[in-house]
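In this text, residue positions in the sequence shown follow the numbering used here: the first is 18, and each later residue adds one. Comments concern the structure below.
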Amino acid sequence: MSQKNDPWDEDDPDTRSLVSRLIEDVIAFVICCYLIRLGVCWLLSVKIPLLVIAVTVGVAIISYRVYRWRKHHDDY
(Lines of atoms letter the chains of each structure in order from A and count residues from 1; the text may use other names and numbers.)
(Lines give C-alpha, C1' and ligand atoms only; values in the text may rest on other atoms or scores of the structure.)
Protein backbone atom coordinates (compact mmCIF):
# COMPACT_ATOMS: atom_id res chain seq x y z
CA MET A 1 0.00 0.00 0.00
CA SER A 2 1.69 3.14 -1.17
CA GLN A 3 0.36 6.49 -0.15
CA LYS A 4 -0.33 8.97 -2.93
CA ASN A 5 -0.84 11.89 -0.53
CA ASP A 6 2.86 12.79 -0.46
CA PRO A 7 3.16 16.51 -1.31
CA TRP A 8 6.64 15.94 -2.75
CA ASP A 9 5.49 13.26 -5.18
CA GLU A 10 6.37 14.49 -8.66
CA ASP A 11 3.81 12.28 -10.42
CA ASP A 12 0.89 14.37 -9.17
CA PRO A 13 0.30 17.60 -11.07
CA ASP A 14 0.31 20.78 -9.05
CA THR A 15 -3.36 21.60 -8.59
CA ARG A 16 -2.83 25.02 -7.02
CA SER A 17 -3.50 27.96 -9.27
CA LEU A 18 -0.83 30.39 -10.36
CA VAL A 19 -2.39 33.18 -8.30
CA SER A 20 -2.30 31.16 -5.07
CA ARG A 21 1.33 30.18 -5.64
CA LEU A 22 2.19 33.80 -6.42
CA ILE A 23 0.48 35.04 -3.26
CA GLU A 24 2.28 32.41 -1.19
CA ASP A 25 5.64 33.41 -2.69
CA VAL A 26 4.98 37.11 -2.12
CA ILE A 27 4.07 36.45 1.52
CA ALA A 28 7.27 34.43 2.01
CA PHE A 29 9.31 37.21 0.37
CA VAL A 30 7.75 39.89 2.59
CA ILE A 31 8.43 37.82 5.71
CA CYS A 32 12.06 37.33 4.66
CA CYS A 33 12.50 41.05 3.99
CA TYR A 34 11.00 41.90 7.38
CA LEU A 35 13.29 39.45 9.19
CA ILE A 36 16.37 40.77 7.37
CA ARG A 37 15.36 44.35 8.27
CA LEU A 38 14.80 43.30 11.88
CA GLY A 39 18.24 41.66 12.00
CA VAL A 40 19.96 44.70 10.51
CA CYS A 41 18.23 47.02 12.98
CA TRP A 42 19.26 44.75 15.85
CA LEU A 43 22.88 44.70 14.66
CA LEU A 44 22.90 48.47 14.38
CA SER A 45 21.57 48.80 17.92
CA VAL A 46 24.31 46.60 19.37
CA LYS A 47 27.08 47.90 17.12
CA ILE A 48 29.15 49.53 19.90
CA PRO A 49 29.23 46.49 22.23
CA LEU A 50 30.03 44.21 19.29
CA LEU A 51 32.85 46.54 18.25
CA VAL A 52 34.28 46.52 21.79
CA ILE A 53 34.13 42.72 21.93
CA ALA A 54 35.76 42.42 18.48
CA VAL A 55 38.61 44.78 19.41
CA THR A 56 39.19 42.96 22.71
CA VAL A 57 39.33 39.57 20.99
CA GLY A 58 41.60 40.96 18.29
CA VAL A 59 44.03 42.42 20.83
CA ALA A 60 44.03 39.14 22.78
CA ILE A 61 44.78 37.09 19.65
CA ILE A 62 47.55 39.43 18.50
CA SER A 63 49.07 39.50 22.01
CA TYR A 64 49.04 35.70 22.19
CA ARG A 65 50.63 35.36 18.74
CA VAL A 66 53.39 37.86 19.65
CA TYR A 67 54.00 36.07 22.97
CA ARG A 68 54.21 32.71 21.23
CA TRP A 69 56.55 34.07 18.55
CA ARG A 70 58.85 35.62 21.18
CA LYS A 71 58.81 32.40 23.23
CA HIS A 72 59.95 30.34 20.24
CA HIS A 73 62.44 32.97 19.00
CA ASP A 74 64.17 33.91 22.25
CA ASP A 75 67.57 34.36 20.55
CA TYR A 76 67.01 38.05 19.78
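Yeah, the Cβ is synthetic: ideal placement off N, Cα and C, and Gly gets one too. Everything numeric in this text was worked out from a predicted model, so none of it was measured.
Residue i to residue j span [Cα, whole Å]
{"i": "Val57", "j": "Leu67", "result": "13 Å"}
{"i": "Arg33", "j": "Ser62", "result": "42 Å"}
{"i": "Phe46", "j": "Lys64", "result": "27 Å"}
{"i": "Val121", "j": "Lys88", "result": "Nothing can be reported for residue 121, as the shown portion of the chain is limited to 18 through 93."}
{"i": "Tyr81", "j": "Val69", "result": "18 Å"}
{"i": "Ile78", "j": "Cys50", "result": "36 Å"}
The alpha helix (DSSP H) enclosing residue i, as first and last residue numbers
{"i": "Arg87", "result": "64 to 89"}
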